[in-house]
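Going by UniProt numbering, the final residue of the sequence shown carries number 87, and the count climbs one at a time with no gaps. For reference, the structure is listed below as structure tokens.
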Amino acid sequence: MSSSSSDGSSKLRGQSKNSPRVASKRDVNIKDHLHVLSSAMPIANLIYRITATIESIDRDMLQKVCQELQYKLDACRVVKGSHIEHL
């Protein structure tokens, strides 16, 4: 499954052969799902919410994360570990 747009560019970063990632409505931000005042929530409830959120991550999302990590590792290799701007 490819998540690239028809012109091969990423909506997040511009054109790149190494990163065909495209943001979608299905993208999950774990912080959005777990954002609560943790001091006001019993620990068992917090554990339940963390577990439920992790279980909701599907294969597509894991593949996108792996692609994004590969892109960032490639960028680090290109600059030989020196400082790079936010990707």
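Just so it is clear, CB atoms sit at the ideal spot from N, CA and C, and this is done for glycine as well.
May I have the straight-line CA-CA distance separating residue i from residue j, to the nearest angstrom?
{"i": "M61", "j": "K72", "result": "17 Å"}
{"i": "V65", "j": "M41", "result": "29 Å"}
{"i": "A23", "j": "R59", "result": "In this prediction, A23 scores a pLDDT of 49, lower than 50, which makes its location untrustworthy; no coordinate-derived value is stated."}
{"i": "I47", "j": "Q63", "result": "25 Å"}
{"i": "T53", "j": "S82", "result": "35 Å"}
For residue i, is the beta carbon positioned less than 7 Å from some heavy atom of the ligand MN?
{"i": "Q70", "result": "Of ligands this structure carries none, so the ligand MN is not represented either."}
Going by beta carbon distance, what residues of the same chain come within less than 8 Å of residue i, once the five residues before and after it are set aside?
{"i": "R77", "result": "none"}
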